[in-house]
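Input: a single structure, listed below in structure tokens.
Residue numbers (the numbering used here), protein chains in the order written: chain V, 12 to 185; chain R, 3 to 197.
Dropping the structure here:
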């Protein structure tokens with residue numbers, strides 16, 4: 012199954028199912044809903060295939076690859092076809108990540124207006140309600156990083172932010 | 003994605019759906035919710051109640067030199083400024099982080115939390131920042147702040163306090179074992195950390 016994943020910050024995910032009742036909500040207003048934060052009418056996601064046995068590690072590594080702090084991450088996954096059904100355009104995009112093999116998985120939902128942002132909010136919220144989420148604690152993320160090094164998805168630990176580097180050094184990986 | 007496919011997809015270990023439904027029962031009508039900003043805090047608003055508390059805390063520091071007070075004052079001001087300008091988010095470095103290192107400001111940090119009574123975003127930000135300190139260097143003031151955070155009425159603040167325990171070391175488990183959270187999502191998160 013092809014899915015799009017996005018980080019949701021635990022309880023901070025404040026999208027409200029009621030927002031679908033509000034027609035033409037200005038995108039700028041939705042930007043204040045912290046997690047649904049879009050710049051230039053784009054919102055980034057990662058595209059993964061759940062039949063790949065490493066997809067979960069890939070998902071967290073992808074998110075860690077663009078994070079600069081080693082904090083607990085929760086992600087939500089939405090079926091790609093649900094995006095297409097909602098008329099949301101997805102484009103491949105480039106991202107500066109520390110995991111080069113995952114860079115090709117980056118996607119942007121583009122041409123977002125208020126209506127489409129609301130649709131995305133609904134899809135993510137549905138994913139949360141249906142428990143299509145995964146959480147990894149700080150300690151579990153360190154293990155994920157260790158595996159990332161082991162499988163060479165992370166070429167150089169030195170490229171990581173300080174706290175990730177220190178956590179790996181604690182496991183004897185420099 | 004249907005519920006069935008969701009079931010196949012994940013083992014369904016989280017209780018978050020319950021939380022969301024409970025929350026939505028109490029939520030405001032959409033138009034009202036949207037007309038209200040998330041929680042933008044002006045520095046004046048933040049400084050106002052904090053100022054008297056900070057001043058009192060300075061008095062409590064006793065005969066310490068005015069120079070120290072000035073340094074603390076300036077540091078606190080910078081921290082407040084940074085938090086007011088931009089709430090702290092997990093995974094993202096915040097400009098206030100370097101300001102927390104090595105400063106004597108922690109002596110008055112509990113007072114600051116008190117002063118932030120009306121500003122849950124500020125309390126949450128402070129706890130997220132605290133979770134990024136090398137806590138072995140700071141000891142009991144940190145622990146008491148986290149402890150207080152776990153008791154906060156705001157679930158977002160409690161979640162930040164649980165996050166902060168992740169870098170607390172062996173003391174964390176003791177704190178978390180004593181913590182019973184009414185919010186199922188947080189309770190699950192705590193269980194996960196204790197496992």
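Glycine is no exception: its CB is placed at the ideal position from the N, C-alpha and C atoms.
Annotation: Cβ neighbours of residue 82/V in chain R (cutoff 7 Å, chain order): 92, 93 and 165. Against chain R, the CB of residue 149/V has a partner CB under 8 Å away; the residue lies at that interface. In the three-state reduction of the DSSP assignment, residue 120/R falls in the coil class, being assigned neither a helical nor a strand state.
86/V is the residue among 86/V, 114/V, 126/V and 139/V whose C-alpha sits nearest the C-alpha of residue 18/V. Under the rule that a run must span 3 or more residues, the beta strand (DSSP E) segments found entirely inside the segment 91-141 of chain V read 100-103 and 117-121. One Cα belongs to residue 193/R, the other to residue 81/V, and the distance between them is close to 20 Å. Remark: fewer than three beta-carbon pairs, one from each stretch, lie closer than 8 Å, so the segment 60-73 of chain V and the segment 82-95 of chain R are not flagged as touching. Scanning its chain for C-beta atoms nearer than 8 Å, with the 5 sequence neighbours on each side dropped, one finds around residue 84/V the residues 18, 71, 74, 75, 78, 146, 147 and 152, in chain order.
A direct Cα-to-Cα measurement between residue 12/V and residue 125/V gives close to 28 Å. Taken through DSSP and simplified to helix, strand or coil, residue 151/V comes out as helix. Residue 90/R is positioned such that its CB atom lies no closer than 8 Å to that of residue 152/R. Counting of Cβ neighbours within 10 angstroms places residue 103/R among the exposed residues, the total staying below 16.
Between residue 68/V and residue 155/V a beta carbon distance of about 6 Å is seen, short of the 8 Å cut, so the two are scored as contacting.
Closest by C-alpha distance to residue 156/R, out of 77/R, 76/R, 124/R and 196/R, is 124/R.
Rounded to whole angstroms, the separation of the alpha carbons of residue 130/V and residue 123/V is 10 Å.
Distances from the CA of residue 169/R to each of 160/R, 184/R and 144/R were compared; the closest alpha carbon is that of 144/R. With respect to residue 119/V, residue 54/V sits close: the two C-beta atoms are nearer than 8 Å. Look at residue 79/V: its C-beta is under 8 Å from a C-beta on chain R. With the criterion set as a beta carbon lying under 8 Å from some beta carbon of chain V, the members of the segment 154-183 of chain R are 157, 158, 161, 165, 168 and 169, in sequence order. For residue 66/V, DSSP assigns no beta-bridge partner whatsoever.
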